[in-house]
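Novice: Following this message is one structure expressed as structure tokens.
Protein chains: 4
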Amino acid sequence: MRNTGERLTYGSYLELDRILNSQTPQSGLSGKPAHDEMFFIIVHQTYELWFKQYLHELNSVIEMFNGNFVDEMNIGISIARLQRVVEIEKLMIEQIKVLETLAPLDFLDFRNFLGTASGFQSVQFREIEHKLGLKHEQREKYNAGDYYADYGAKDQQLVKALQGLPTLFDVIERWLERTPFLDTEGFNFLKSYRASFAKMVQEDRTMIESSPAITESEKQLRLQMIAKTESYFATVLDPESYEVLREQCVLRLSHKACLAALFITLYRDMPILQMPYRLLATLLDVDEYLTLWRYRHALMVLRMVGNKMGTGGSTGNDYLRTTVEKHKVFSDLFNLSTLLISRSQLPTLDAELVKKLGFYYSTL
Amino acid sequence: MRNTGERLTYGSYLELDRILNSQTPQSGLSGKPAHDEMFFIIVHQTYELWFKQYLHELNSVIEMFNGNFVDEMNIGISIARLQRVVEIEKLMIEQIKVLETLAPLDFLDFRNFLGTASGFQSVQFREIEHKLGLKHEQREKYNAGDYYADYGAKDQQLVKALQGLPTLFDVIERWLERTPFLDTEGFNFLKSYRASFAKMVQEDRTMIESSPAITESEKQLRLQMIAKTESYFATVLDPESYEVLREQCVLRLSHKACLAALFITLYRDMPILQMPYRLLATLLDVDEYLTLWRYRHALMVLRMVGNKMGTGGSTGNDYLRTTVEKHKVFSDLFNLSTLLISRSQLPTLDAELVKKLGFYYSTL
Amino acid sequence: MRNTGERLTYGSYLELDRILNSQTPQSGLSGKPAHDEMFFIIVHQTYELWFKQYLHELNSVIEMFNGNFVDEMNIGISIARLQRVVEIEKLMIEQIKVLETLAPLDFLDFRNFLGTASGFQSVQFREIEHKLGLKHEQREKYNAGDYYADYGAKDQQLVKALQGLPTLFDVIERWLERTPFLDTEGFNFLKSYRASFAKMVQEDRTMIESSPAITESEKQLRLQMIAKTESYFATVLDPESYEVLREQCVLRLSHKACLAALFITLYRDMPILQMPYRLLATLLDVDEYLTLWRYRHALMVLRMVGNKMGTGGSTGNDYLRTTVEKHKVFSDLFNLSTLLISRSQLPTLDAELVKKLGFYYSTL
Amino acid sequence: MRNTGERLTYGSYLELDRILNSQTPQSGLSGKPAHDEMFFIIVHQTYELWFKQYLHELNSVIEMFNGNFVDEMNIGISIARLQRVVEIEKLMIEQIKVLETLAPLDFLDFRNFLGTASGFQSVQFREIEHKLGLKHEQREKYNAGDYYADYGAKDQQLVKALQGLPTLFDVIERWLERTPFLDTEGFNFLKSYRASFAKMVQEDRTMIESSPAITESEKQLRLQMIAKTESYFATVLDPESYEVLREQCVLRLSHKACLAALFITLYRDMPILQMPYRLLATLLDVDEYLTLWRYRHALMVLRMVGNKMGTGGSTGNDYLRTTVEKHKVFSDLFNLSTLLISRSQLPTLDAELVKKLGFYYSTL
């Protein structure tokens with residue numbers, strides 16, 4: 028409600044006169060009212076409202092992290108806001124169950140009235156993808172690569188203007204790069220981790236080779252697995268070979284940021300790392316639930332329209348199916364699991380570092 | 028989008044210029060913007076959009092059942108629409124999980140700006156309650172019984188106008204009353220059911236009394252249980268004593284409708300009763316999930332504001348807690364379970380009736 | 028509880044002495060107890076219990092449909108049991124959220140103790156896949172194609188013995204093939220449907236070609252879409268070209284069964300088709316939620332172990348990802364959507380057939 | 028699997044020979060097999076398995092908090108384990124949806140075979156209630172107050188032995204009581220908070236009294252609300268009157284613990300309080316979702332058996348309904364919301380305290 032000086036009521040506060048009078052089924056306008064078109068409109072309107080909220084949270088977190096310093100108070104606030112984003116994503120997934128009450132045959136009753144209007148034209152969804160960190164080059168092509176063809180002039184402008192803006196991926200990467208602790212006087216994480224890993228691999232090899240209970244062919248298989256893991260660690264822990272993978276777009280985080288994320292994951296129980304660890308875990312959730320939504324959405328579209336082209340001339344299901352994996356943003360964080368070694372084999376932190384990673388309020 | 032002749036786009040179809048520009052946080056207008064007020068607004072707007080859809084389905088079902096005859100084709104359609112209502116209710120419940128990401132302390136940042144606006148003023152929610160069949164007299168009182176005090180003039184009119192309109196409860200009751208089969212030439216359901224029940228009770232009694240494995244005190248307990256059940260059946264199966272309970276508002280369905288619902292529930296596998304049974308089961312779901320939403324809502328309000336009075340001067344949690352059970356509409360259908368006897372003890376239908384309750388397409 | 032004559036208690040009925048004493052964390056046996064191994068065991072045990080129930084329902088439905096005649100009473104019962112299967116699948120999906128509380132680092136604390144034990148060895152899950160109708164040839168290969176290598180001798184036998192048994196796909200296909208109504212004296216569904224489709228396509232073409240509002244390039248795009256649809260319909264509606272697709276494993280249902288499923292979907296509101304339609308819709312749900320579970324499961328495994336080989340020497344995520352789509356059973360029913368035309372353009376049924384598809388209890 | 032030296036397989040690891048062979052439908056033993064009894068058994072067995080896991084987490088958290096000192100590393104671990112408990116509770120709630128696929132009529136097919144076995148006899152559920160902190164005196168009575176009558180001798184002993192054991196409530200209360208910061212040289216929380224509250228109330232009063240837009244009757248209502256809040260604060264903030272409420276069992280936490288919880292909630296964004304705040308929020312979740320499960324369970328029982336006495340001679344629904352609210356443990360934490368004042372009106376912390384509540388790793 029605009030500030031009119033009138034007394035605020037539930038209806039005026041929520042501007043329900045506008046919200047509840049913005050559903051105009053096209054089938055009705057055309058004299059062939061289809062009962063389910065109202066449902067189709069409202070489902071999509073609620074999605075767009077949630078997208079607005081999603082962006083409200085996302086933008087506020089980017090802002091808090093954008094710059095050369097993040098106030099520690101903002102870590103807790105950011106986690107809370109990203110956890111809300113995750114809850115919104117879960118709701119978006121549940122909402123597909125509701126949408127699936129629209130039978131394909133009932134959809135056909137008004138589908139023709141939609142013309143070329145299509146979900147691809149959601150500017151807010153493009154913005155979400157961009158603000159999370161999806162790069163333009165990473166996007167699956169459609170419309171023969173003319174990404175903007177679907178949009179009207181004003182929306183084209185909006186979508187194009189996104190390119191220059193900071194993204195969650197960027198600000199998190201820079202925050203990770205600033206993590207202290209990884210190379211202190213008494214402790215070099217990279218060096219120690221390499222050593223621990225080498226020791227672990229050596230022990231595994233010895234155990235396998237000396238085990239009487241394992242058949243020869245399985246022995247070979249297991250040794251191959253170890254060799255693979257060894258090669259993976261060597262590539263990822265070395266800054267130069269890491270950079271090659273990055274240029275090939277296999278990895279995306281900078282080496283420094285990647286090591287910091289690994290450090291936080293491994294020593295997550297240290298008091299000072301407990302919240303940063305939760306932040307990383309929440310980013311994984313954000314990515315995972317959006318991926319799940321994409322997949323569920325693709326499956327629903329398949330069930331609804333089969334393999335026909337979707338509204339808006341897009342091939343629908345095929346495009347959607349491809350974006351499920353391709354549009355992930357934080358896959359480097361998923362990859363971290365490959366780099367973990369068991370806690371019992373972790374490098375021991377020196378006393379000085381342990382102290383830095385703790386709290387000492389009682390003695391201050 | 029109004030029919031302007033312009034080409035339909037996703038944005039114009041969904042009227043996103045209105046939908047996405049109808050959020051005006053009051054805290055912002057007052058110069059103390061609270062981040063979470065946007066969330067509070069959008070959560071409630073999506074609820075109102077779902078209420079609109081809920082009513083769209085509910086009204087269409089009432090219309091299909093209103094009158095002296097229901098086209099059999101509409102049974103399937105009605106079930107599908109009520110199942111959508113159930114899915115909407117489930118989503119409404121999930122949405123509370125999202126709402127709970129609003130911490131009480133953050134709510135306080137903008138709560139004062141809401142003045143006396145309150146969820147009690149939702150006209151659509153009142154309409155849902157009424158259209159389901161909640162009677163005005165059945166409502167929990169608030170505002171010292173002045174039910175309309177909270178509403179502005181226009182909304183008061185809307186809420187009052189609901190009183191004369193047909194409800195789901197009414198039309199379902201009349202449809203049940205028209206069920207054939209309960210008193211045919213060869214079969215009187217009420218009489219047969221009473222007889223079967225009496226036989227069952229007699230057998231149970233004999234079994235208990237002659238069982239050596241049961242202690243005396245447990246025997247007494249079990250016999251008491253049987254006596255209670257017997258008395259309950261006697262009351263409910265007799266039209267006159269049933270009517271007394273109805274006048275006391277313990278029961279609400281007419282005796283005829285109640286017996287029909289019982290018959291459908293017991294012989295639900297007969298081909299012709301399979302869909303009516305699903306209709307009754309779906310009505311139970313509609314009632315149950317709305318009840319669950321009410322309860323969950325009350326619990327959330329308690330967590331959010333504690334025992335303070337809610338916005339709008341209502342005592343919030345207490346009122347909400349009371350309506351959870353009190354505003355149920357189809358509790359008679361829940362009570363049916365008390366009246367069931369085991370399938371192995373059911374009256375046998377005569378051959379003529381079995382034929383009537385089957386399909387014979389293959390031989391037509 | 029075995030029938031011992033003792034008085035039944037909650038604990039003896041549920042055999043809790045066995046159920047609750049069958050968790051033996053290997054890490055504990057090895058003197059390095061890992062807190063989370065108990066969780067890992069219990070999660071998988073509950074999955075296996077649900078698999079047992081899943082099979083209990085699935086087998087009972089196959090049995091009811093196996094043969095040359097299905098009692099109409101069993102349609103309702105089968106739907107109810109398959110809906111329970113769907114609810115179990117939904118729970119299986121929710122359970123992954125619980126499983127994801129196991130952090131990758133904590134999993135490493137006991138992972139080595141699992142040796143080559145692996146989820147691939149779940150005999151019950153193989154049985155579910157088979158009983159739904161997954162054909163042995165359709166399966167994604169692993170272990171270099173030696174499908175049985177992972178199993179012990181007894182389990183190998185169990186898995187191999189599945190091959191000869193009837194599947195849900197088979198019995199449903201035969202039931203569909205027996206559908207009357209598709210070729211009656213006054214109505215030939217295939218012929219009429221082809222005609223209606225041709226008429227619709229012609230109208231669409233005329234509309235597009237004569238529309239002044241559409242650009243030339245879009246016109247071409249739309250006409251191409253129509254041509255594609257036309258060719259798809261021609262192929263699928265013709266028994267011979269259909270058979271070619273079937274031999275290529277693009278389609279699987281027999282042509283007769285496919286047409287019957289299409290007929291039921293299009294005329295689902297006719298009283299006699301309401302339950303068969305619900306059965307088909309439930310089969311879609313069964314397939315869709317199992318697919319969703321597979322996808323979610325694959326994503327969870329990726330998050331847990333990254334790209335490392337899984338326990339049991341399998342490549343984990345890659346294999347799982349492939350089965351998501353490949354192991355679908357009822358994809359022909361999903362494809363039906365491609366074949367639907369709008370209700371307003373459907374062939375009209377003749378009066379005789381309408382009568383056959385209705386109920387006439389009131390006049391019997 | 029017991030450590031037999033044999034190679035571990037999926038089946039032997041999970042002891043599936045026991046898990047999957049512990050379902051003995053009583054109806055089958057009696058020669059009248061009821062299809063759904065298997066389902067009834069498996070639903071309850073999975074519940075008991077989850078109860079075991081619930082206790083596994085709960086006991087580990089109690090152990091970490093039991094004593095005079097909690098290692099800060101354990102805060103993060105405890106939160107993670109309690110969040111798993113919350114996820115288990117959510118799954119328990121979802122599982123009721125599965126259970127509701129058991130129609131009341133189908134339940135009757137085997138209900139008689141259950142004799143007096145009853146869910147009340149679940150020892151593990153009693154243990155969960157106790158370990159959370161439910162006091163024996165607080166329990167709703169049944170069986171005419173003979174709480175142990177239902178249990179066999181062995182189970183009676185188990186349930187009675189719970190009385191002496193530490194509970195989550197106890198150890199959390201003691202941990203809260205040890206919170207430093209509430210009374211430092213430069214800052215007395217209780218005193219400052221009282222002052223801030225008094226100032227806020229005074230401002231509110233002035234605003235209401237001087238507002239021309241509010242009607243007289245509303246003014247009175249609002250002033251009454253303020254007076255109520257004032258009186259509530261006075262009672263709760265004063266140690267002596269607080270103690271009276273505690274003796275009346277209206278409140279349960281010690282005054283010191285209550286103030287600490289309030290302090291943590293109000294200053295939750297201070298770096299050192301971010302994790303303690305999350306711990307409190309998780310305890311609220313644990314309590315809330317168990318409450319929701321109880322409610323949902325009661326509703327399901329009502330739907331299943333109506334108002335008949337439950338198996339085991341209990342009155343089922345009535346008892347269950349009463350425990351929903353009565354058996355809550357952390358209701359004091361819910362009440363905290365009533366005590367919050369808006370952030371803009373909070374007492375300012377002095378610089379020394381702010382420093383204590385922050386991290387200083389960069390300068391150490």
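Chains as they are written, first to last, in the numbering used here: chain A, 28 to 391; chain B, 28 to 391; chain C, 28 to 391; chain D, 28 to 391. Cβ atoms here follow ideal geometry from the backbone N, Cα and C, with glycine treated the same way.
Could you check where the alpha helix (DSSP H) with LYS158/D kicks off and where it finishes?
Specialist: Element bounds for LYS158/D: 150-159.
Novice: Straight-line CA distance for THR128/B to ALA240/B?
Specialist: Straight-line Cα distance between these residues: approximately 55 angstroms.
Novice: Does the region 263-276 of chain D come close enough to the region 175-189 of chain D to have 3 or more Cβ pairs within less than 8 angstroms?
Specialist: Touching, no, given that fewer than three Cβ pairs across the two stretches are closer than 8 angstroms.
Novice: List the residues that DSSP assigns as beta-bridge partners of PHE214/C.
Specialist: Partner(s): THR211/C.
Novice: Quick check on the DSSP output: the alpha helix (DSSP H) that includes CYS285/D runs from which residue to which?
Specialist: That run of the alpha helix (DSSP H) goes 282-293.
Novice: For SER364/B, decide whether its Cβ has a neighbour in chain D, counting only Cβ atoms nearer than 9 angstroms.
Specialist: Yes, contact with chain D.
Novice: Evaluate MET119/C with the Cβ neighbour count: other Cβ atoms within 10 Å of its Cβ, from every protein chain shown; 16 or more gives buried, anything less gives exposed.
Specialist: Label assigned to MET119/C: buried.
Novice: Compare the beta carbon distance of VAL125/B and ARG111/A with 9 angstroms and say whether it is the shorter of the two.
Specialist: Result yes, Cβ atoms of VAL125/B and ARG111/A sit closer than 9 angstroms.
Novice: Would you report the Cα separation of LEU319/A and ARG273/A, rounded to the nearest angstrom?
Specialist: Using only the alpha carbons, I get a separation of about 26 angstroms.
Novice: In chain B, what lies closer than 7 angstroms to VAL332/D by C-beta?
Specialist: What VAL332/D touches in chain B: SER364.
Novice: So what's THR143/D in DSSP terms, helix, strand or just coil?
Specialist: Residue state, collapsed to three classes: coil.
Novice: Going by the CB atoms, is the gap between LEU293/C and ARG370/C shorter than 9 angstroms?
Specialist: In this structure, LEU293/C lies closer than 9 angstroms to ARG370/C by Cβ.
Novice: Please compile the residues from chain C whose C-beta is within a distance smaller than 8 angstroms of the C-beta of ARG295/B.
Specialist: Chain C residues near ARG295/B: GLY103.
Novice: At a CB-CB cut-off below 8 angstroms, which residues of chain C make contact with PHE361/A?
Specialist: In chain order: LEU329, ARG330 and GLY333.
Novice: So with CB distances below 7 angstroms, who are the chain B contacts of SER49/A?
Specialist: Chain B residues near SER49/A: GLU42, ARG45 and ILE46.
Novice: Between GLY340/A and chain B, is the shortest Cβ-Cβ distance under 9 angstroms, so that the two count as touching?
Specialist: Confidence at GLY340/A is low in this model, with a pLDDT of 49, below 50, so its placement is unreliable and no value can be given for it.
Novice: Could you tell me the alpha carbon to alpha carbon distance between LYS255/A and THR36/D, rounded to whole angstroms?
Specialist: Distance between the alpha carbons of LYS255/A and THR36/D is about 24 angstroms.
Novice: Count the CB pairs spanning the region 87-107 of chain B and the region 291-307 of chain C that are closer than 8 angstroms, and state whether there are at least three.
Specialist: Yes: at least three Cβ pairs fall under 8 angstroms.
Novice: Let me know if ASN344/C comes out buried or exposed under the rule of 16 or more other beta-carbons within 10 Å of its beta-carbon.
Specialist: It is buried - the Cβ of ASN344/C has at least 16 other Cβ atoms within 10 Å.
Novice: Go to GLN80/A, then tell me how far its alpha helix (DSSP H) extends in each direction, as first and last residue.
Specialist: Element bounds for GLN80/A: 64-92.
Novice: List the whole-angstrom C-beta distance separating LEU159/B from LEU203/B, where the pair is believed to meet the contact cut-off of C-beta under 8 angstroms.
Specialist: About 16 angstroms separates the two Cβ atoms, so there is no contact after all.
Novice: Name, please, each residue of chain C whose Cβ falls closer than 7 angstroms to the Cβ of ILE410/B.
Specialist: Coverage of chain B is limited to positions 28 through 391, which leaves residue 410/B absent and any answer about it impossible.
Novice: Is it buried or exposed, THR242/A, if we count other Cβ atoms within 10 angstroms and call 16 or more buried?
Specialist: Exposed, by the Cβ-count rule.
Novice: Our contact map puts ARG232/B next to ASP359/B with C-beta atoms below 8 angstroms; I'd like the distance itself, whole angstroms only.
Specialist: Not a contact, Cβ separation roughly 29 angstroms.
Novice: Given that a residue counts as buried once 16 or more other Cβ atoms are within 10 Å of its Cβ, and exposed if not, what is TYR316/B?
Specialist: Buried, because 16 or more other Cβ atoms sit within 10 Å of the Cβ of TYR316/B.
Novice: Pair every Cβ in the region 323-330 of chain C with every Cβ in the region 246-260 of chain C, then say whether three or more of these pairs are closer than 8 angstroms.
Specialist: Short answer: they don't touch.
Novice: Starting from the beta carbon of LEU319/C, find every residue of chain A whose beta carbon is closer than 8 angstroms, and list them in chain order.
Specialist: Those are TYR322, ARG323 and LEU326, listed as they occur along chain A.
Novice: Can you name the residues of chain D whose CB is closer than 8 angstroms to the CB of THR73/C?
Specialist: By Cβ distance, chain D contributes THR73, LEU76 and TRP77.
Novice: Hey, PRO52/D and GLY333/D: beta-carbon distance below 9 angstroms or not?
Specialist: No; because the gap between Cβ atoms is not below 9 angstroms, this pair is not in contact.
Novice: When the cut-off is 9 angstroms and only beta carbons count, does GLN183/B lie next to chain A?
Specialist: With 9 angstroms as the cut-off, GLN183/B does not count as an interface residue toward chain A.
Novice: Check whether the region 70-79 of chain C and the region 41-56 of chain D touch, using three or more Cβ-Cβ pairs below 8 angstroms as the test.
Specialist: Yes, since at least three Cβ pairs between the region 70-79 of chain C and the region 41-56 of chain D fall closer than 8 angstroms, the two stretches touch.
Novice: Where does MET297/B fall in DSSP's three states?
Specialist: Three-state DSSP puts MET297/B in coil, outside helix and strand.
Novice: Do VAL468/B and PHE357/B have their CB atoms nearer than 9 angstroms?
Specialist: Because chain B in this structure spans residues 28 to 391, residue 468/B falls outside the shown range and cannot be described.
Novice: Could you spell out where the alpha helix (DSSP H) holding LYS59/B opens and where it closes?
Specialist: Where LYS59/B is concerned, there is no enclosing alpha helix (DSSP H), given that its DSSP letter is neither H nor E.
Novice: Does DSSP put ASN101/D in a helix, a strand or coil?
Specialist: Here ASN101/D sits in helix by DSSP.
Novice: Rounding to the nearest angstrom, what Cα-Cα distance links GLN372/C and LEU347/D in this structure?
Specialist: In a straight line, the C-alpha of GLN372/C is about 55 angstroms away from that of LEU347/D.
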